[in-house]
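Remarks on the structure that follows.
Residue numbers (the working numbering): 14 to 248.
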């Protein structure tokens with residue numbers, strides 16, 4: 014299946030939707046949430062694969078153990094995202110880059126030869142997440158206070174962690190249409206847009222303050238869900 018347009022579904026049915034999409038499928042325009050029948054209209058060769066959550070959890074544990082041989086995992090953000098804190102010499106950019114490359118090698122050696130990972134080095138977890146999304150599937154991006162905001166200017170607003178379609182609409186309504194405008198907005202302006210302290214926290218994290226993103230209350234981890242097979246569904 015490697016390199017082919019794959020969509021992961023909870024059940025093998027035309028009415029099922031993709032809960033994950035391979036890079037080959039993404040390049041064709043298939044997204045998470047696309048129904049199987051819609052995906053086939055985009056690419057007739059798309060391959061639905063039923064989810065194997067126990068397998069994903071086992072790989073998650075192997076990945077955690079591999080990273081831990083290089084650096085302690087400070088926080089597990091989801092089944093495929095973790096945050097690690099650099100200390101002492103590790104905060105020097107050349108040393109940090111070497112450590113990131115070591116993590117990549119260790120994952121290939123201990124988990125899978127074709128397993129890729131994107132690593133973001135940044136002043137805080139928020140910007141680390143942004144950096145890791147800039148260059149996928151196997152990137153290594155460094156964000157420092159000296160290269161901000163230039164390194165982020167090529168991103169769209171929704172590429173910034175925490176900004177979804179609705180928040181982008183609110184930002185547009187407030188006169189912010191790109192990352193440059195987001196960077197230039199004041200803390201007070203952010204507070205008004207977000208409607209409270211979350212806007213101030215977003216401003217601080219965007220500008221490099223070492224604070225944790227607030228919990229949104231929405232789980233972004235692998236959910237424990239079951240989808241009824243079509244024959245068991247009623248109106």
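Even glycine gets a Cβ: it sits at the ideal position worked out from N, Cα and C.
Note that the structure is predicted; figures quoted are calculated from it, not measured.
Asked: Coarse secondary structure for residue 91, derived from DSSP in three states; Found: strand
Asked: Three-state secondary structure (DSSP) of residue 232; Found: Residue confidence is low: residue 232 scores 48 on pLDDT, short of 50, so the model does not pin down where it sits. No coordinate-derived value is stated.
Asked: Best match in 27, 52, 83, 91 for proximity to residue 69 [C-alpha to C-alpha]; Found: 91
Asked: Cβ-based burial, residue 166 [other Cβ within 10 Å; buried from 16]; Found: exposed
Asked: Beta carbon of residue 62 nearer than 7 Å to that of residue 27; Found: no
Asked: Residue nearest to residue 140 in terms of C-alpha spacing, selected from 57, 222, 32, 29; Found: 222
Asked: Coil, strand or helix - residue 86 by DSSP; Found: coil
Asked: Coarse secondary structure for residue 68, derived from DSSP in three states; Found: helix
Asked: Through-space distance from residue 118 to residue 132, alpha-carbon basis; Found: 12 Å
Asked: First and last residue of the uninterrupted alpha helix (DSSP H) at residue 132; Found: Residue 132 -> not in any alpha helix (DSSP H); beta strand (DSSP E) instead, spanning 132-134.
Asked: Backbone secondary structure at residue 117 - three-state DSSP; Found: helix
Asked: Close Cβ partners of residue 183 (< 7 Å) along its chain, the five nearest in sequence each way excluded; Found: 206
Asked: Three-pair Cβ contact test at 8 Å for the stretch 105-112 versus the stretch 180-197; Found: no
Asked: Whole-Å CB distance - residue 43 paired with residue 59, under 8 Å assumed; Found: 7 Å
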